[in-house]
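Contents: one structure, followed by commentary.
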Amino acid sequence: MHRSAPRLSRILACAAVPVMLVVAGCSSDSGDKKDSGSSSSSAAPSAKKSEASVEPAKFAALPADPCKSVSTKTVTSLVPKVKSKGGTPAYSSDTAYRAGCSWNGLDDNGVKGSQYRWLDVGFTRFDSDQALGSGAKRAQQDFAKQVAKAKATEGAKKVAEAPVSGIGEQATKITYDLTKTSEDFKYATVVARTGNVVVTLTYNGAGYAGAKSPSADDILKGAEKAAKEAVASVAAADTKSAEPSGSTKPSEKSTEKKTS
């Protein structure tokens, strides 16, 4: 009987306090622990996780002038007798997300034949979106699409695909032969991804009027060189866009003060 007294006193004490306090302080005697720790605070972390923002996009802009994404020196070495060293910009309804440029040239050697070359580069940028995912993830999806598109080129023969190192965060090269205008063309496409931007560069060439077609290795090397420059231009463009506008004005004003 004496042993039950403390227990009876504790039950009576619990009965005298509000219900919310009973749950916190007297649940040990009830034997039912299922409701303990089920407060709204325990649900808060999961709610926050579901509403967590996606990873911010790495690059906020594309190169302002895609025709400068490949150096003039590289263009002239890959496209002899190029029609326009400044290139021909691709049409885009929004250059903040899609941009491109192309160059072509015919080196006419008369009776010795002619050499034709064509170089094209395209950029696609993806923003991070709560519903669609991060910019990088969306770029990875587009990367796979561009590789598949190059491999599925109509009429392509001897199609080969392989990864490329040292160009962006991931890159793949696709090479193939293609006959058009009765000539045998050698093609090389390099698809690369850097952050949330996909760069697709294609280089091809053929010999006309009996001239020998370029070697597949030379076309591929040219494509990889140009692609590396194009990918580097994305980071350079982002650095420039991050610089505060009118950053030179303070120094100019300070110079004026000193001379006055």
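The sequence shown begins at 357 in the numbering used here and counts up one residue at a time.
Note that beta-carbon positions come from the ideal geometry of N, C-alpha and C, so glycine has one too.
Consult DSSP for residue i and reduce its assignment to one of helix, strand or coil.
i	result
Glu-411	coil
Ser-394	Residue placement at Ser-394 is flagged as unreliable, the pLDDT there being 46, under the threshold of 50; the coordinate-derived value follows with that caveat. In this structure, Ser-394 counts as coil in the three-state DSSP scheme.
Lys-514	strand
Leu-557	strand
Leu-418	coil
Ala-640	The structure shown does not extend to residue 640, since the chain is modelled only from 357 through 616, so no value can be given for it.
Asp-573	helix
Phe-541	strand
Ala-548	strand
Val-467	helix
Ser-384	Summary for Ser-384: the model assigns pLDDT 42, below 50, so the residue's position carries little reliability, and this model does not support an answer.
Over the uninterrupted beta strand (DSSP E) stretch that includes residue i, give me the two end residues.
i	result
Lys-536	526-536
Ser-470	470-481
What is the residue span of the alpha helix (DSSP H) that residue i lies within?
i	result
Ala-506	491-507
Leu-434	428-434
Using the C-alpha atoms, what's the distance from residue j back to residue i?
i	j	result
Lys-613	Cys-423	Reliability fails at Lys-613, whose pLDDT of 39 lies under 50, so the model's placement of it is uncertain and no value is given.
Asp-483	Ile-530	27 Å
Val-617	Ala-583	Since the first residue shown for the chain is 357 and the last is 616, residue 617 is missing from the structure and cannot be characterised.
Val-587	Lys-536	30 Å
Ala-506	Arg-549	15 Å
Phe-415	Lys-568	43 Å
Gln-526	Lys-468	41 Å
Asp-594	Ala-417	6 Å
Tyr-559	Glu-411	34 Å
Lys-514	Tyr-532	5 Å
Compute the beta-carbon to beta-carbon distance between residue i and residue j, rounded to the nearest angstrom, for a pair I have assumed lies under 8 Å.
i	j	result
Val-503	Thr-480	Going by Cβ atoms, the distance from Val-503 to Thr-480 rounds to 13 Å, so no, they are not a contact pair.
Gln-471	Gly-563	6 Å
Lys-441	Thr-432	6 Å
Pro-436	Ser-589	So it is not a contact: roughly 23 Å between Cβ atoms.
Val-426	Glu-580	About 12 Å; that fails the 8 Å criterion.
Going by the DSSP bridge assignment, what does residue i pair with across the sheet?
i	result
Ala-455	Phe-479
Leu-462	Tyr-472
Ala-586	DSSP, once it has assigned bridges, lists no residue as partnering Ala-586.
Ala-562	Tyr-472
Asp-485	Gly-489
Would you say residue i lies against chain C (beta-carbon separation less than 8 Å)?
i	result
Asp-463	No chain C appears in this structure, which consists of one protein chain only.
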